[in-house]
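Structure, as C-alpha cells:
Printed below as a string of C-alpha cells:
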C-alpha cells in the first residue's frame with residue numbers, strides 16, 4: 157500500500173463490460189497486473205443477490221489470485237446486533253438496551269422498502285465515535301440514557317409508511333411518519349402521494365361495489381400486483397365514501413396553503429400543524445358503517 161505500486165479502484169464496472177470486445181480486453185488486462193500493484197472492483201448489487209452481476213469479471217479476478225467478497229449492509233431489524241458487534245470491535249462497552257436505543261433512533265423500526273438506507277451503517281459508526289469521545293475506549297458502559305442524550309433521532313421518512321398508516325386509519329403512526337417526512341420531503345410531494353392513495357381507494361372501492369372482481373378492479377386503476385391489490389381492498393373497507401371525499405376536500409385545502417393561494421397563506425410551522433390536523437380529522441375512524449355510493453352501491457362488506 158505504501159510502496160511504489162499503484163492501487164486502482166473501479167466502481168460500477170458496467171461500462172467496461174457492456175461490449176464483448178471491451179470486456180475481453182479488461183479480462184485479459186487483469187491477468188497482466190504486476191506484483192506490487194492492485195485492482196479493486198466495486199459493484200452495487202440488488203438485495204438478496206447471490207453473487208456478482210458481472211460474473212465474467214469476477215471469475216477473471218479469482219483466476220488471477222484475487223478475492224471476490226460481498227459486503228452487505230445490516231437490515232433494519234439487524235442494526236442493533238451490528239451496532240453491538242461494532243462497539244465490541246472498538247473496545248466500547250454498551251449497557252443493556254443501548255444498542256437497541258441507538259438503532260431505534262436511527263430508524264431501525266422503519267422497515268418500508270422506499271427508505272434510503274445506503275449510509276445507515278456509516279451513520280451508526282459515526283454515532284459510536286461520538287459516544288466514545290465521552291466515555292472513552294474501555295471506559296464506563298454506555299447506557300440507553302447516554303444514547304438519548306447524545307444521539308439525535310433521525311428516523312428516515314417513508315412515503316409508504318405515511319400512506320399505509322393513513323389508509324389503515326392508524327392515526328398515531330400516520331402522524332409520526334408524516335412529522336418525520338415534513339423535515340426532509342417537499343410538501344407538494346407529500347400531497348401528491350397521499351392524493352394518489354385516496355384516489356386509488358375510491359376507484360377500487362367503487363368498482364368492487366359495482367360487482368367487479370378484485371383483479372379487474374385493480375387493473376382499472378393501474379395496479380397489477382396481487383398483494384398490493386389485496387392491501388388496497390382491505391384499506392378501502394375501512395372508509396365510507398363520504399369520509400374519502402371529505403379527506404380529498406381537506407387535501408385540496410392543504411394544497412392551497414402550500415401554494416400560497418390568496419387567503420390561505422401560512423408559515424411553515426402553521427402548515428406543519430395543518431398537515432397533522434388533517435390526519436387527525438380524516439384518518440380517525442368514525443366507526444360508522446359504509447354508506448351508499450350511487451344507486452344500490454355500498455363500499456365495504458355487506
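Residue numbers (the numbering used here): 157 to 458. Backbone N, C-alpha and C fix where the C-beta goes; we use that ideal spot for every residue, glycine too. All values derive from a computational prediction rather than experimental measurement.
Distance between residue 165 and residue 198 (C-alpha atoms, nearest Å): In the chain shown, residue 198 corresponds to position 42, counting from 1. In the chain shown, residue 165 corresponds to position 9, counting from 1. Taking the straight line joining both Cα atoms gives about 7 Å.
With 16 other Cβ atoms within 10 Å as the buried cut-off, status of residue 259: Looking up residue 259 in the chain shown gives position 103. Under this definition residue 259 is a buried residue.
Three CB pairs or more closer than 8 Å across the segment 287-307 and the segment 408-421: no
Pair within 8 Å by beta-carbon distance, residue 278 and residue 322: Locating residue 278 in the chain shown gives position 122, counting from the first residue. Locating residue 322 in the chain shown gives position 166, counting from the first residue. Contact flag unset, no.
Limits of the unbroken beta strand (DSSP E) element including residue 167: By 1-based counting over the chain shown, the position of residue 167 is 11. 163-167 is the span of the beta strand (DSSP E), which, as asked, contains residue 167.
Residues bridged to residue 196 (per DSSP): Counted from its first residue, the chain shown places residue 196 at position 40. According to DSSP, residue 196 bridges with 165.
Contact belief for residue 281 with residue 257 at Cβ below 8 Å, rounded distance in angstroms: The sequence position of residue 281 within the chain shown is 125, counting from 1. The sequence position of residue 257 within the chain shown is 101, counting from 1. At roughly 16 Å, the Cβ-Cβ gap does not stay under 8 Å, so residue 281 and residue 257 are not in contact.
DSSP bridge partner residues for residue 217 (one or two, in chain order): Sequence index remark: in the chain shown, residue 217 carries index 61 (1-based). Per DSSP, none; premise fails for residue 217.
Stretch pair the segment 398-405 + the segment 432-443: three plus CB contacts closer than 8 Å: yes
Host alpha helix (DSSP H) of residue 261 (start-end): As a working mapping, residue 261 is identified with position 105 in the chain shown. 254-261 is the span of the alpha helix (DSSP H), which, as asked, contains residue 261.
Backbone secondary structure at residue 298 - three-state DSSP: Residue numbering aside, residue 298 sits at position 142 when the chain shown is read from its first letter. DSSP places residue 298 in strand when its eight states are reduced to three.
Among 233, 381, 289, 288, nearest to residue 262 - alpha-carbon criterion: As a working mapping, residue 262 is identified with position 106 in the chain shown. Answer by Cα proximity: 233.
Opening and closing residue of the alpha helix (DSSP H) in which residue 360 lies: By 1-based counting over the chain shown, the position of residue 360 is 204. Here the alpha helix (DSSP H) through residue 360 covers 343-365.
Coarse secondary structure for residue 188, derived from DSSP in three states: Counted from its first residue, the chain shown places residue 188 at position 32. Note: residue 188 maps to coil in three-state DSSP.
Opposing strand residues paired with residue 250 [DSSP bridges]: Walking along the chain shown from the start, residue 250 turns up at place 94. According to DSSP, which records beta bridges pairwise, residue 250 is partnered with 298.
Contact check, residue 161 vs residue 194, beta carbons under 8 Å: Residue numbering aside, residue 161 sits at position 5 when the chain shown is read from its first letter. Residue numbering aside, residue 194 sits at position 38 when the chain shown is read from its first letter. With a cutoff of 8 Å on beta-carbon distance, residue 161 and residue 194 are scored as near each other.
Local conformation of residue 415 per DSSP, three classes: Numbered from its first residue, the chain shown carries residue 415 at position 259. DSSP places residue 415 in helix when its eight states are reduced to three.
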